[in-house]
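**Student:** Before I ask anything, here is the structure I am working with.
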Amino acid sequence: MTRFLSVLRGGLLLSLIALLLSACAQLPEPPVAQHLLLPAEQRAQVLASVQRWTASGVASLHRQQGGQSFGFRWQQAPQAQQLRILGPLGNTVAELRQSNQQATLLEANGQQRSAPDMSSLLYQVLGVELPVPELPGWLLGIPPAKQVLAYDSAGLPARAQWGEWQLHYLHYSAVGGLQMPALLQADGPNGLQLRIAISDWRLGR
37 MTRFLSVLRG
47 GLLLSLIALL
57 LSACAQLPEP
67 PVAQHLLLPA
77 EQRAQVLASV
87 QRWTASGVAS
97 LHRQQGGQSF
107 GFRWQQAPQA
117 QQLRILGPLG
127 NTVAELRQSN
137 QQATLLEANG
147 QQRSAPDMSS
157 LLYQVLGVEL
167 PVPELPGWLL
177 GIPPAKQVLA
187 YDSAGLPARA
197 QWGEWQLHYL
207 HYSAVGGLQM
217 PALLQADGPN
227 GLQLRIAISD
237 WRLGR
């Protein structure tokens, strides 16, 4: 774990990614005609039925012991998931795969580890426990209705409770006819905070 953290940390990388994360909330977007966007209820139904998608961007993780930042690429497919953790130059620091009841972690040095699920393997990479089964729903911005604490003016989730984590959807961007999360913040137990900026969505592939 120490080897991964030494790659992911570093003042320059932290500063650059912090700048990117803040910029995502500030940069204006080209206007999209409202009639070309699906209403919030239909959006949730469509996204719940999408079986293949990819989200890429940067994330920063803050806790009492300090912080770390990294790039990521999450690929979702039926019965399979892949998460790549990226270093400052876009190099793959770790690649995690989940298929059926088997998860694997491939390190940059070629070593491979396995576990029943991705959660314990991701802990080895980041040093914190994240609710991996919930991450696809976090990224897509489709919490169950009973877990939504507040909606924005467009009827999209603005704040939701996922177990011990509270999600804040700070910014959405138009992807085709769908409003997709572009910046979100997850506040977890013991002061743990995960901030995610998604720069690229690919739905259906």
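All you need for the numbering used here is the position in the sequence shown, starting with 1, plus 36.
We treat Cβ as the ideally placed atom computed from N, Cα and C, and that holds for glycine.
Quick one: residues in its chain with C-beta nearer than 7 angstroms to the C-beta of P225, no 5 flanking neighbours on either side, listed in chain order?
**Tutor:** E200
**Student:** Can you tell me whether S105 is helix, strand or coil according to DSSP?
**Tutor:** strand
**Student:** Put A151 into one of helix, strand or coil per three-state DSSP.
**Tutor:** strand
**Student:** What number of angstroms, rounded off, separates the C-alpha of Q197 from the C-alpha of K182?
**Tutor:** A straight line joining the alpha-carbon of Q197 with that of K182 spans about 9 angstroms.
**Student:** I need the straight-line Cα distance from A210 to Q101, nearest angstrom please.
**Tutor:** 36 angstroms
**Student:** If you measure between the beta carbons of S135 and R109, is that distance less than 9 angstroms?
**Tutor:** no
**Student:** So which of Q138, A222, A233 has the shortest CA-CA distance to Q115?
**Tutor:** The residue with the shortest Cα to Cα distance from Q115 is Q138.
**Student:** What is the DSSP secondary structure of Q115, counted as helix, strand or coil?
**Tutor:** If DSSP states are grouped into helix, strand and coil, Q115 belongs with coil.
**Student:** Go ahead and pull the three-state DSSP assignment for L55.
**Tutor:** Confidence at L55 is low in this model, with a pLDDT of 45, below 50, so its placement is unreliable and the value that follows should be read with caution. Residue state, collapsed to three classes: helix.
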